[in-house]
Amino acid sequence: MQKELFNVVMFCATQYDCRQQFLCKYLWPELLSSYYEYNSCDNCQKKNKENPQLTNASSEILEMLEVVEALTQNSLIEISPDDVIDVFSRSNTNKIRKNKYNKLTLQRESREVKLYEERSPTILVPKETARLALNDLVYKGLVKQEIRLQKSKIIQYLSCNIVMVGISENVKQQVEKMCWEYWVHS
Numbered sequence: 009m010q011k012e013l014f015n016v017v018m019f020c021a022t023q024y025d026c027r028q029q030f031l032c033k034y035l036w037p038e039l040l041s042s043y044y045e046y047n048s049c050d051n052c053q054k055k056n057k058e059n060p061q062l063t064n065a066s067s068e069i070l071e072m073l074e075v076v077e078a079l080t081q082n083s084l085i086e087i088s089p090d091d092v093i094d095v096f097s098r099s100n101t102n103k104i105r106k107n108k109y110n111k112l113t114l115q116r117e118s119r120e121v122k123l124y125e126e127r128s129p130t131i132l133v134p135k136e137t138a139r140l141a142l143n144d145l146v147y148k149g150l151v152k153q154e155i156r157l158q159k160s161k162i163i164q165y166l167s168c169n170i171v172m173v174g175i176s177e178n179v180k181q182q183v184e185k186m187c188w189e190y191w192v193h194s
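Quick note: the sequence shown uses our numbering, first residue 9, plus one each step.
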């Protein structure tokens, strides 16, 4: 069930990928080689108007995975996708400072690196692009995320939280085998 929900999220979140092509891939995956862009959906029109460039973001994807891993292993509170995006983007919000996420250290080549002292991302900017990349990681099963439903005690309704759980095993090797290109304004 969650996989289908993440498919819907990916469909809604893409900015430049052909929606008709996306639907064809989802509905008829066996016909993968015969898809082409229809150039009539809103995303195709936006791509033609804004002329973004397809850019390799592999190094920033690896850094985003490091952020997810560090936050989910070291935090005492539940981590949301927005928390990951804010830390990855080096935001300086009250929540970041209160939870000391701006002091986050990452393990790189047997040494500790303070994330907020590192260079900020240059490809997965703005936050919408970073969010698309995080959704892509979840969609591909590299980042584990749960949808938690909660019933209100006062009113008869359900609310939900999306919580980051961690990363998959051998994720770095899996990332290196995949394509991580995103549309970016030049």
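Glycine included, each C-beta is placed from N, C-alpha and C at the ideal position.
I need the straight-line Cα distance from C168 to K135, nearest angstrom please. 22 angstroms
Applying the 10 Å Cβ sphere with the 16-neighbour rule, what's the burial state of D144? buried
Work out the CA separation of V146 and V171 for me, nearest whole Å. 11 angstroms
Just checking, does the stretch 69-82 make contact with the stretch 21-41 on the three C-beta pairs under 8 angstroms criterion? no
Give me the residue from I85, E68, I155, R116 with the minimum Cα distance to P129. E68
Assuming A141 and Y190 form a contact by the criterion Cβ under 8 angstroms, report the distance between their Cβ atoms to the nearest whole angstrom. 6 angstroms
Classify K55 as helix, strand or coil using the three-state DSSP reduction. helix
Exposed unless 16 or more other CB atoms sit within 10 angstroms - verdict on V173: exposed
How many angstroms separate the CA atom of S88 from the CA atom of Q53? 32 angstroms
Euclidean distance between Cα positions of L132 and K152: 20 angstroms
Just the Cα atoms here: how many angstroms apart are N107 and V121? 18 angstroms
Just to confirm before moving on: does the CB-CB distance between V192 and Q61 stay below 7 angstroms? yes
Give a yes or no on whether the C-beta atoms belonging to Y24 and K55 are separated by under 7 angstroms. yes
Contact under 7 angstroms by Cβ, C49 with Q28: yes
Going by beta carbon distance, what residues of the same chain come within less than 8 angstroms of L150, once the five residues before and after it are set aside? L73, I175, S176, V179, Q182, V183
Per DSSP, what are the beta-bridge partners of M172 in this structure? I87, Q153
Given 6 angstroms as the limit, tell me if Y147 has its C-beta closer than that to any heavy atom belonging to the ligand GTP. What this structure holds is no ligand at all, so the ligand GTP is not there to describe.
For S118, which of helix, strand or coil comes out of DSSP? coil
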